[in-house]
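Okay, so here's the structure we're looking at.
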Amino acid sequence: MKNRSFLCFVIICLLVACNSDYTIKRRGYYKIDFPAHEYQLFDQPGYPYTFEYPVYAKVVKDTTFFEGKPENDYWINIDFPQFNGKIYMSYKEVGKNNFTKLVNDAFEMTYKHTPKATEITDSAMRTAKGISGLFFNVGGNAATAKQFFVTDSVRHFLRGALYFDATPNEDSLSIVNNFLQEDMKHLINSLQWK
């Protein structure tokens, strides 16, 4: 009799336990609080350019280029510590370099991401200050989703690429990429050659 009572009790408990509602939780990402877009001027003595960059970023001189040194002293990084990202900016003088090679190198560096990219689109731009260039959007899980180059085609050539210190994941990084794209475009539109 005790065994039957215990077995009935276990069966009733199992039946009652099966009536609870279970909801599958969807995969989520961290909520990111974005600061207001506010800018400050980068105008250091000796640099051949000036531009505005976000107040929540800092400009750091780039001192390494793979195992060597940068080509000149005007290579900088715009660091976004809050987002664990950087815009790597390299400057080259057109007079010391072949202009066609500079443009081809910019395309080549962008299209190196083709194996992971779902699409690469470019859009021509011309600022009110007469600076021309191209802005690249790289879709998919590529290491960089936003790149650009700007030039006056006579003296100055500046290339920038946004990277994050994280495994590329288009779904989780797209909101930050879109936020920082506005800052990149502001940088380009405020850029002036000296």
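Numbered as in full-length UniProt numbering, the sequence shown ends at 194 without a single skipped number.
Cβ atoms here follow ideal geometry from the backbone N, Cα and C, with glycine treated the same way.
Taken in chain order, the complete beta strand (DSSP E) segments of 3 or more residues contained in the region 104 to 190 are 117 to 126, 132 to 140, 146 to 151 and 156 to 164. The region 94 to 112 and the region 173 to 185 do not touch, with fewer than 3 CB-CB distances between them shorter than 8 Å. By the neighbour-count criterion, in which a residue is buried when 16 or more other Cβ atoms sit within 10 angstroms of its Cβ, L41 is exposed. Sixteen is the threshold: since fewer than 16 other Cβ atoms of the shown chains lie within 10 Å of the Cβ of L7, the residue is exposed.
The criterion of a C-beta distance shorter than 7 Å is satisfied by V138 and A117.
Separation of T50 and P168 (C-alpha to C-alpha, rounded to the nearest whole angstrom) is 31 Å. Judged by beta-carbon spacing, G140 lies beyond the 7 Å limit of E108, meaning their Cβ atoms are not closer than that value.
Between L191 and I131, the gap from beta carbon to beta carbon is short of 7 Å. For G85, the uninterrupted beta strand (DSSP E) run begins and ends at G85 to E93, by DSSP. Taking 7 Å as the cut-off, the Cβ atoms of V150 and L158 count as close.
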